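Novice:
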Amino acid sequence: MKTLLLSFLIFIGFASNATFFADSIKVLDFKPYKINYPNSWKLKAGCAVNECSILAPTDTLTIPDSYLESINLTFNPLPSASYTVDKYAQFSIEYLPKVVKNFKVVEKKKLKPNVIRLTYTGEKDTFKQTWRQYYYVKSSKVYIVTFSGETSKYNYYQPFIESFLNSFSLK
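Put into structure tokens, the structure is as follows:
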């Protein structure tokens, strides 16, 4: 009986989230960059070019859904024009354990000379989370694109969200 109930709940969760996969696309277009995001996701109030969050709708993978997955975009000036994406990634790996409990790097991969992808896990704000973060260095600035999700849901979201993360482009 428990197996039947669990199977039913999983089915309902996937069925109600099917709109994620059939969702139309919106474009967030600022002067230095642009990114596509699902139509059902919403911009957090106060979204600005240097700090913006795109919030997922609540899902039914867990009931109640107390954590909203998100894509976050920020950019910051770098200390010097010679500061590379490799230096920034190393700085992040050293800094993140100060703000993420049980920080663990899952993957670090250089995608282009000025782009690194970092995936890591840990605990923040009482949630076990997984982050997929991209660092882009251009014109003495670092642009950071981050997907954050509950670790228990990350494998569900990751294949879907990857195309949106990869749509990020600098102008």
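Counted the way mature numbering (1 follows the signal peptide of the UniProt record, and there is no 0) counts, the sequence shown spans residues -21 to -1, 1 to 150. All C-beta atoms, glycine included, are put in the ideal place defined by N, C-alpha and C. These figures come from a predicted structure and were not determined experimentally.
Could you tell me whether the region 31 to 46 touches the region 55 to 65, using the rule of 3 or more Cβ pairs below 8 Å?
Specialist: The region 31 to 46 vs the region 55 to 65: no contact.
Novice: Leaving out five residues before and five after Gln137 in sequence, what residues of the same chain have Cβ atoms less than 6 Å from its Cβ?
Specialist: Closer than 6 Å at Cβ, skipping near neighbours: no residue.
Novice: Does the Cβ-Cβ distance between Thr53 and Ile123 come in under 7 Å?
Specialist: Contact: yes.
Novice: When DSSP labels each residue in this structure, what does Ala35 get in the three-state scheme?
Specialist: Ala35 falls in the coil class under three-state DSSP.
Novice: How many angstroms separate the CA atom of Lys21 from the CA atom of Ser49?
Specialist: Approximately 9 Å between the Cα atoms of the pair.
Novice: If you draw a straight line from the C-alpha of Leu34 to the C-alpha of Leu75, how long is it?
Specialist: Near 22 Å, if we compare the C-alpha coordinates of Leu75 and Leu34.
Novice: Please determine, among Tyr115, Asn134, Thr109, the residue with the shortest C-alpha to C-alpha distance to Lys89.
Specialist: Ranking the options by Cα distance to Lys89, first place goes to Tyr115.
Novice: Suppose contacts are defined by Cβ-Cβ distances below 7 Å. Is Lys13 in contact with Ser148 by that definition?
Specialist: Taking 7 Å as the Cβ cut-off, Lys13 and Ser148 qualify as a contacting pair.
Novice: Considering only DSSP beta bridges, list what Gln108 is partnered with.
Specialist: DSSP lists Gly101, Glu129 as partners of Gln108.
Novice: Which residues in the same chain have their Cβ closer than 7 Å to the Cβ of Val6, if we skip the five residues on either side of it in sequence?
Specialist: Answer for Val6: Lys13, Asn15, listed in chain order.
Novice: Going by Cα to Cα distance, which pick from Trp110, Asp65, Cys31, Glu86 is closest to Thr130?
Specialist: Of the candidates Trp110, Asp65, Cys31, Glu86, the one whose C-alpha sits nearest the C-alpha of Thr130 is Trp110.
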